[in-house]
């Protein structure tokens, strides 16, 4: 009986559990069905419109703000957020307009539909970002197609709900044509920017190419300090009349107006120099020949002009920073269109939008309140108020955000170097008698005669003061990535390694895909890099080395030539520069770990060794960072660089797998006995070199390492992979790109084959 009763209790309990599960399933399915049906109600549709509308406006704000900010940041979350805003926003807006088209005809729906007009206009005219990557510029017609789809969706929504022009008079088609032209014209700057960033087949670029073929031979008298005789192209308005073309020496020899002798005038001239150099650098991206590179004139521009004195080194780097900022804006934003004949039109539309936005939205809010009070339907009132947020609040949020973003974009342009270049160009036109005789005052200030008055207004009211506006954003992050092969060997988190093992099992066993560089618990992955501020002493040391070598780029061997020339045979690999950098990186880390762990035999560092140590360790870890994370900028093949780095890293893991502290790592390397099979291993060569350097005094040791790394970073800087350098500009920039551009203007396009 007892057993039978126990069985009955178990059966009853199981039945109760099954009943509860079935009831929960029914309730859950009922809840989902109720929610789905609610989404199709009038209140649900209005709520969806409000939420999605605000979300789309926020994505637009992300695109505007982060589109400018990404040249100053390496943050991964910033890149992912920007990519999401760049990809999702247009389909989301088209979906919102389609949802509004099918929404019930209520005053709340009409208010949100009215807000769509200024938002579609804003989406088409943003100049913060035209491309996420360089290759996106090749699809320049995509901007037009996207804007066309948005406009058609907008008109379809209006037509379906009859919220605009219920009359069928002949004025309706004309107004639609006007609105279509207005909405599509705001996209012209973006299309122009993408076209010029993806092709060199335009008159302006063609002129630069033809002009530079003869520039270095036509002007025999030149001065690299005053830039007299440097007739680099600055601006061309009429290619058929050479006397209307502005060259760089014309800008630098002018001392009138904003180009005067004051500090602001000097900074404006530096900006113009950066712009002119950017136009020359742009040819590298398209693989065009640079005939002036072999001339003595180009080399003296950098060595005796920009780098004429140590107190002028910062100005030289500042010129290169501004040049690469021009390059970033040219390839990833539509700022370049401001410096063309479209500029005044774009600014005019921007100011007009600041008037259109509040008029459209405030008038729509007024009609909404009037219709709401007029309506006697309590159901409608409940829909309006109960549909989530008040539609008036949504409309006001949209208006405030759009106006704030428009003001921000206008200010960012007026405070940018593009506006300064335009100011200098107008100043030359105005004060140059030779040009003024050919061009009227309207041609100087306007895109065309009809915009001449407005161009004069912009010059007198806006452009003239742009040279004094404070900048919100810098040119780049001014930081260098760091990775220490030995110190960061055990730095990755355990969770990341576990996830690596799981993903390796999935891809390897299920998909039969075996990655070349697997990571997991047994073989931990590479620790994420960190970035430190680029100090002036590093910049000065590199500039001093470049000027002392007079353009000759040794591979670092001269640092040993004076002391231990016999070491060159095994401390340098003439075929693979990656191995040479790894040998010296391990040696530099060995010396640094020895000092940090208290293994240095010297009592204290000699005077003057601290700066050299900072230079050596910074550049050593920066080169390791490049090998691990940005190998495309280095001279060896990208895959070879990755494989070589991983091989040395695996060697280090095998040797130092149990040594997690710096003291333990130093002891293991210091007392390691080389085997005959170790003589050609890169890691062992680095440890051997570190031991030999450790015998020297602090002053000599760090001097040798600092000299090596300043020579090596210059040696690896020349590159034909301009696309990789341009792509990095949108991720905070790389210091190696700045050296690449500096060497290009010195006529150094490739490294010395003999090292």
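Residue numbers (my numbering): 8 to 762. Backbone N, C-alpha and C fix where the C-beta goes; we use that ideal spot for every residue, glycine too.
Alpha-carbon spacing of residue 426 relative to residue 308, whole angstroms: 26 Å
Where residue 608 falls, given that 16 or more other Cβ within 10 Å makes a residue buried: Caution applies to residue 608, whose pLDDT of 44 falls short of 50 and renders its modelled position unreliable; the model cannot decide the point.
Is residue 241 helix, strand or coil when you go by DSSP? Residue state, collapsed to three classes: strand.
So for residue 67, helix, strand or coil by DSSP? helix
Please determine if the stretch 93-108 and the stretch 353-373 are in contact, where contact requires at least 3 C-beta pairs separated by less than 8 Å. The stretch 93-108 vs the stretch 353-373: no contact.
Taking 8 Å as the cut-off, does the stretch 684-696 touch the stretch 531-551 (at least 3 CB pairs, one atom from each stretch)? no
Three CB pairs or more closer than 8 Å across the stretch 296-303 and the stretch 151-171: Remark: fewer than three beta-carbon pairs, one from each stretch, lie closer than 8 Å, so the stretch 296-303 and the stretch 151-171 are not flagged as touching.
Helix or strand or just coil, what does DSSP make of residue 254? strand
Could you say which of 316, 240, 324, 628 lies nearest to residue 214 if we only look at CA atoms? 240
Might you give, ordered along the chain, the residues of its own chain that have their beta carbon closer than 8 Å to the beta carbon of residue 365, omitting 5 neighbours on each side? 406, 410
Using C-beta distances below 6 Å, list every residue in its chain close to residue 399, excluding the 5 sequence neighbours before and after it, in chain order. 372
Is DSSP giving residue 482 helix, strand or coil here? coil
What does the alpha-carbon distance come out to for the pair residue 266 and residue 485? 28 Å
Give me, in chain order, the residues of the same chain whose beta-carbon lies closer than 6 Å to that of residue 32; leave out the 5 immediate sequence neighbours on both sides. Interpretation of residue 32 is limited by its pLDDT of 49, a score under 50 that renders its predicted location unreliable; no figure is taken from the coordinates.
Provide the residue span of the beta strand (DSSP E) that contains residue 538, from first to last. 537-540
Three-state secondary structure (DSSP) at residue 235? strand
Would you kindly work out how many angstroms separate the C-alpha atoms of residue 556 and residue 752, rounded to a whole number? Their backbone Cα atoms lie some 16 Å apart in a straight line.
What are the start and end residues of the alpha helix (DSSP H) that includes residue 199? 195-205
Look at residue 126 and residue 60 and say whether their C-beta atoms are less than 9 Å apart. yes
Count the other CB atoms, across all protein chains shown, that sit within 10 Å of the CB of residue 672; report buried if there are 16 or more and exposed otherwise. buried
When you compare only the Cα positions, how much space is there between residue 92 and residue 323? 36 Å
Tell me whether residue 428 sits in a helix, a strand or coil according to DSSP, three-state version. If DSSP states are grouped into helix, strand and coil, residue 428 belongs with the helices.
Which residues bound the alpha helix (DSSP H) around residue 94? In the DSSP assignment, residue 94 falls within the alpha helix (DSSP H) that extends over 83-108.
Among the candidates 591, 737, 488, 149, whose CA atom is the shortest distance from the CA of residue 638? 488
Taking 9 Å as the cut-off, decide whether the C-beta atoms of residue 147 and residue 205 are in contact. Yes.
Have a look at residue 490 and residue 631 and give me their C-alpha separation to the nearest angstrom. 6 Å
Determine the closest residue to residue 756 out of 259, 344, 353, 725, with distance taken between C-alpha atoms. With respect to the C-alpha of residue 756, the residue from 259, 344, 353, 725 having the closest C-alpha is 725.
In this structure, does DSSP put residue 404 in helix, strand or coil? helix
Looking at residue 255 and residue 749, is the spacing between their C-beta atoms short of 9 Å? no
Continuous alpha helix (DSSP H) stretch holding residue 301: start and end: Note, residue 301: premise wrong, no alpha helix (DSSP H); not H, not E.
Mark residue 129 as exposed unless 16 or more other C-beta atoms lie within 10 angstroms of its C-beta, in which case mark it buried. The residue is buried, with at least 16 neighbouring Cβ atoms inside 10 Å.
Please identify the residue among 139, 43, 63 whose C-alpha is closest to the C-alpha of residue 89. 139
Less than 6 Å between C-beta atoms, sequence neighbours within five positions excluded: which residues of the same chain meet that for residue 574? 567
Please state whether DSSP places residue 51 in a helix, a strand or coil. helix
Cα-Cα, which of 656, 85, 319, 646 is closest to residue 543? 319
Which word fits residue 287, buried or exposed, when buried means at least 16 other C-beta atoms lie within 10 angstroms of its C-beta? Buried, since its Cβ has 16 or more Cβ neighbours within 10 Å.
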